[in-house]
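Okay, so the sequence shown: first residue is 1057 according to our numbering, each after it adds one. These notes are about the structure you will find just below.
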Amino acid sequence: MRPHVNQRQAQVREILRVRGSVRVAELAQELGVSPVTLRRDIEAMAARGEIQRMHGVISKVAAGHAAPAAPAARAAAPAGGGGEGLVIGMVVPTTEYYYADVVRGAREVVEARGARLTVGLTRYLPGEDRTQADRLLSTGADGLLLTPTWDAGSPGPGEGAWTAELPVPTVLVERWAPPGHPAAALDRVASDHAHGAARAVQHLAELGHRRIALASRETPTSARLRAGFGAAVTALGLEPAPAWPGADAAAGQGPRGEAELFARTLDYLCAAVEESGVTAALIHSDTDAIMLIPRLQARGVRVPEDLVVITYDDEVAGLADVPLTAVAPAKREVGARAAALLLDRLAPDAPQDVPRQHLELLPHLTVRTNRSLRTS
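Right, dumping it as structure tokens:
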């Protein structure tokens, strides 16, 4: 064992002798080492019975008692491990809807490699991202998977710099930062939503549609959807459709409430078909499309005879009364790839000079053979 390791572990023993117990995250800062390095020391010391540990806290061994041995499960980690004993913190807006599969994919990889996943939820509340990240770090997280509440999927001016200053390896999940932003240097894994929107436009163009509309509520996904949609319309030489009014809402110029926005979207699609010759639309999300279709038909716009619909997300598109063709981001794979990338960074033998990675996974178009996809 190298001298500096002996010296560091001696410092840990002395601190515990004086204080009795200490949080791992606080101790790492005090000693000036990374939580990953300290956790390796703790693993070795606990295995020798020198200290006790529990939920991000270590303590000295009580007189006359031996510290519990490391769980046998850690000694029998699956092949391709390297995460034994590690704790991965994951901050997401919710574990429902879109992020249910993202979290599931991350959990599968984390547990398969002998580590443990802990989750913090933000519910899109301002400032909650950092609160949850700090909480997970205080309870012993060795690395973080972060999905910050950035309205456009990327941080605005002066926003989110703290994510690049965290004391542990961090991977952004379904978020991205522009070049020059501190968070742009972080690893990240995200869906290529621009490609997904372009794939839908390409498919509709192959069916003969020349004027296609986009209706997307304002979410962290919508900016990329609009970019991919517009690029595909231009690249394929299609006729631009009237702009969707929901974009004005984001700038404070349009409808503010859900009901008003929904009514505006319905009016927009009806006018696009009846006045502008639109014959197809990409609608984000599935639930909006399922609610809009009967209302369109009640207004005299037949689906698919007058308007072919493709949805984006594919959460429930296949459960519509007439299953809808949809673009599906690889949500589960995003979570899995992000977790694997983080665990690779945390591996004891991980080289320190490996370049950071920005991975974008391509969404998949699922064509459902039914009356919702007639050719123009």
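For glycine and all other residues, C-beta sits at the position ideal for the given N, C-alpha and C. Note that the coordinates shown come from a computational prediction; the quantities given were computed from them, not determined experimentally.
With 16 or more neighbouring CB atoms inside 10 Å of its own CB, D1198 falls in the buried class. When secondary structure is reduced to three states using DSSP, R1244 falls in the strand class.
For the 7 Å CB-CB criterion, A1253 and L1281 form a contact. The beta carbon of A1208 lies closer than 7 Å to those of P1276 and A1279 in the same chain, with the five residues before and after it left out. Taking 7 Å as the cut-off, the beta carbon of T1381 is found no closer than this to the beta carbon of I1339.
The three-state reading of DSSP puts Y1180 in coil, since its state is none of H, G, I, E or B. Approximately 17 Å separates the beta-carbon atoms of V1245 and V1224; this is outside 8 Å, ruling out the contact. Excluding residues up to 5 positions away in sequence, L1173 lie with their Cβ nearer than 8 Å to the Cβ of E1167 in the same chain.
Taking a contact to require three or more Cβ pairs closer than 8 Å, the region 1351-1370 and the region 1203-1218 do not qualify as touching.
Put simply, of R1160, P1404 and A1287 the residue whose alpha carbon is nearest the alpha carbon of G1391 is R1160. In the DSSP assignment, V1329 forms no beta bridge with any residue. Put simply, the backbone Cα of A1217 is about 10 Å away from that of A1233. Note that the region 1100-1111 does not touch the region 1145-1164; fewer than 3 beta-carbon pairs, one per stretch, sit closer than 8 Å. Taking a contact to require three or more Cβ pairs closer than 8 Å, the region 1368-1375 and the region 1142-1149 do not qualify as touching. Leaving aside the five residues that flank A1406 on each side, the residues in its chain whose CB is nearer than 7 Å to its CB run, in chain order, D1400.
In the DSSP annotation of this structure, the continuous segment of the beta strand (DSSP E) that includes T1422 starts and ends at H1420 to T1422. For A1241, the closest C-alpha among the options Q1413, T1422 and A1103 is that of Q1413. Boundaries of the alpha helix (DSSP H) harbouring T1093: P1091 to A1103, taken from the DSSP string.
Under the three-state reduction of DSSP, H1249 is assigned to helix.
Contact between R1267 and L1292 does not hold, since their C-beta atoms are separated by about 12 Å, which reaches or exceeds 8 Å. Taking 8 Å as the upper bound for CB-CB distance, H1251 and P1404 are not in contact here, some 36 Å apart.
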